[in-house]
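**Q** Per the working numbering, the very first residue in the sequence shown carries number 2; after that it's consecutive. All C-beta atoms, glycine included, are put in the ideal place defined by N, C-alpha and C. Remember, it's a predicted structure, so these values are computed and weren't measured experimentally.
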Amino acid sequence: MSTLADPFDSDESFRDHFNAVDDDGNRNWFYPQKPSGAWHDRRVWFSVIALGILFAGPFLKLNGQPLFLFNILERKFIIFGLFIGPQDYWLFGLTMLSFMVFIVLFTTIFGRLWCGWACPQTVFMEMVFRKIEYAIEGDRAQQKSLDKAPWTTQKISKKVLKWSIFLFVSFLIGNLLIAYGIGVDELKKIITEPISEHVGLFSGVVIFTLIFYFNFAWLRDQACTVVCPYGRLQGVLLDKNSIVVAYDYKRGEPREKLRKGQDRTAGDCISCFQCVAVCPTGIDIRNGTQMECVNCTACIDACDTIMDKVGMDRGLIRYTSENAIANGIKKLITTRTVGYIVVLTLLWTVLGYLVITRTDTETTLLRAPGSSFIENPDGTISNLYTFKIFNKTNHEITPVMSIESPKGTLRFAGVPDLRLDAAGMSQGTVFVTIPKTALEGRKTNVKFAIKYGEETLETFETTFMAPQW
Ligand code: SF4
Ligand code: SF4
């Protein structure tokens, strides 16, 4: 009878516990060693550019409106100048769907490249907050001893300085987030006008500041390993051909300490644990690809430095795939990725069609319930309609409704207010009157237009009823 292997004895037993928490359930606070090396330098430059774009984003405008806006509460979004309002649910849904398929495709090929290089959490944590921490409290060893030390004046002043700067940077990020939500013009009002006039938005800035402070001062790696849904999806998104930060176990194993004067028969890993010391999520990449790895490249640099020192080739830890390590096969495009590319191409085609054919207004014109045609003494026929006009732009417009063909007149019930706020709506009732001679019979298709100045925003058709003749 075969016996099942004890999972806690297997090589995979490191997966049975969460390394950010100890056996008693207390937080394991990580003190990653200051990273340095070629990959880190590249990431620093990339982060400077990414942060520059991120902070400049709310100030960029196209035709007087922000280039990007993500107003979730009012369901108004502007992506590369394209306004997507509450009426554009198709556009919004397809944009979100194609964005998700793109993420799946990108992750399947390039693994967590986004996490390591461009995710705001990693960029702010590793390139801003961690740098401030290193500057004030020193490297790994100094930080550890400072935390263990009693609360002397020096420790208090270092901690207060660090937390104050953290709070200030969190405040900047909080303002940045609000600027992406409501636009810089509205944000300026909160800053320049009395707070009492913007209590809601000011509270938003305060709440986001505290959330970011909590995130970067305390939550840190756990934002990636516990909170982030993208991180937790890696198990299904990655496959053996995905490019990830990986340890070349074929070359590195069996690992063994380096001993002077000894003829080395072991693998290239000298068990120096430098790759573990620099890891911001506290894992050992030599255990294989793990959910906690954010592909920050710190272990690549650490290992390359060691390899240089001991005179071995760089790249024991590098960007590669499991298939490349195990079988020497580098395969970026697989059947799976081709499938995603086909789906994404279809989605983008439909999305492109919707964007090109999109009109600035969307009008529904329906015959009033229970109404019939009216025969007027002057030989004309009237139909009564109810209408709704939705403004799909991000600015106020006062459009005019007209009948294009056949020739006829419109008479609105009451004085309709066709002034439409940004993403607003107007509705009313209108009599459409057409000479009987211009009609085709019992049913005639009538074409309407919505115009704003000289510009025709939308045309649409409806059916006009007349007596049989
Ligand atoms: S840094 Fe390189 S040599 Fe040192 S333990 Fe990690 S993989 Fe092995
Ligand atoms: S294992 Fe390497 S790449 Fe992954 S998070 Fe740790 S240091 Fe970064």
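(1) Would residue 184 and residue 206 be called neighbours here (beta carbons separated by less than 8 Å)?
(2) Can you check whether the CB of residue 407 is closer than 8 Å to the CB of residue 439?
(3) So residue 429 is in the beta strand (DSSP E); what residue range does that whole segment cover?
(4) Assign residue 8 to one of three DSSP states: helix, strand, or coil.
(5) Where do the N-terminal and C-terminal ends of the beta strand (DSSP E) with residue 28 fall, by residue?
(6) Kindly indicate which residue of 127, 335, 266, 239 has the alpha-carbon position closest to the one of residue 49.
(7) Assess, as a yes-or-no matter, whether the segment 118-135 is touched by the segment 206-225 under the definition of 3 or more beta carbon pairs within less than 8 Å.
(8) Run through DSSP, which three-state label would residue 130 get?
(9) Could you check whether residue 228 and residue 294 sit closer than 8 Å to each other, using their CB atoms as the reference points?
(10) Among 244, 311, 345, which one has its Cα closest to the Cα of residue 326?
(11) What is the C-beta distance between residue 383 and residue 433, in whole angstroms, given that I count them as a contact (C-beta under 8 Å)?
(12) Hey, quick one: how far does the alpha helix (DSSP H) through residue 141 stretch, first residue to last?
(13) At which residues does the alpha helix (DSSP H) containing residue 39 begin and terminate?
(14) For residue 9, collect the residues of the same chain with a Cβ closer than 8 Å to its Cβ; drop the 5 residues on either side in sequence, then sort them by chain order.
(15) Nearest by alpha-carbon distance to residue 443: which of 290, 82, 374 is it?
(16) Suppose only complete runs of 3+ residues qualify. What are the beta strand (DSSP E) ranges in the segment 197-265, listed by chain order?
(17) What separation, rounded to the nearest whole angstrom, lies between the Cα atoms of residue 114 and residue 108?
(18) Going by beta carbon distance, what residues of the same chain come within less than 8 Å of residue 67, once the five residues before and after it are set aside?
(19) Taking 7 Å as the limit between beta carbons, can you name the residues of its chain near residue 179, skipping five residues before and five after?
(20) Please check the pair residue 380 and residue 436, which I expect to be a contact at CB under 8 Å, by giving their CB distance rounded to whole angstroms.
(21) For residue 85 and residue 464, I'd like the C-alpha separation in whole angstroms.
(22) Rounding to the nearest angstrom, what Cα-Cα distance links residue 324 and residue 285 in this structure?
(23) Which runs of the beta strand (DSSP E) spanning at least 3 residues fall entirely within the segment 329-402, listed in chain order?
(24) Only counting the same chain, and skipping five residues up and downstream in sequence, which positions put a Cβ closer than 6 Å to that of residue 410?
(25) For residue 119, is the beta carbon positioned less than 7 Å from some heavy atom of ligand 2?
(26) Smallest Cα separation from residue 448: which of 270, 340, 364?
(27) Around the C-beta of residue 275, are 16 or more other C-beta atoms found within 10 angstroms, so that it is buried, or is it exposed?
(28) The alpha helix (DSSP H) that contains residue 298, what's its start and end?
(29) Could you name the residues of the same chain whose beta carbon sits closer than 6 Å to that of residue 425, not counting the 5 residues immediately before and after it, in chain order?
(30) Figure out for me which residue from 198, 148, 193, 212 has the closest Cα to the Cα of residue 167.
(31) With hydrogens ignored, establish whether the beta-carbon of residue 270 is closer than 7 Å to any heavy atom of ligand 2.
(32) Once DSSP output is grouped into helix, strand and coil, what is the label at residue 406?
**A** On the basis of the coordinates in this document:
(1) no
(2) yes
(3) 426-436
(4) Because the pLDDT of residue 8 is 38, which lies under 50, any placement of that residue in the model is unreliable, and the number read from its coordinates should be weighed accordingly. Here residue 8 sits in helix by DSSP.
(5) Residue 28 -> no beta strand (DSSP E), and no H or E assigned at all.
(6) 127
(7) yes
(8) helix
(9) no
(10) 244
(11) 7 Å
(12) 141-149
(13) 39-57
(14) Low confidence applies to residue 9: its pLDDT is 39, below 50, so where it sits in the model is not reliable, and the reading given next is rough at best. Excluding residues within five positions, the ones whose Cβ falls inside 8 Å are 17.
(15) 374
(16) 245-248
(17) 8 Å
(18) 59, 61, 79, 184, 185
(19) 188, 202, 205, 206, 209
(20) 6 Å
(21) 30 Å
(22) 20 Å
(23) 362-368, 381-392
(24) 434
(25) no
(26) 364
(27) buried
(28) Premise fails: residue 298 is in no alpha helix (DSSP H) and is neither H nor E.
(29) 392
(30) 212
(31) no
(32) strand
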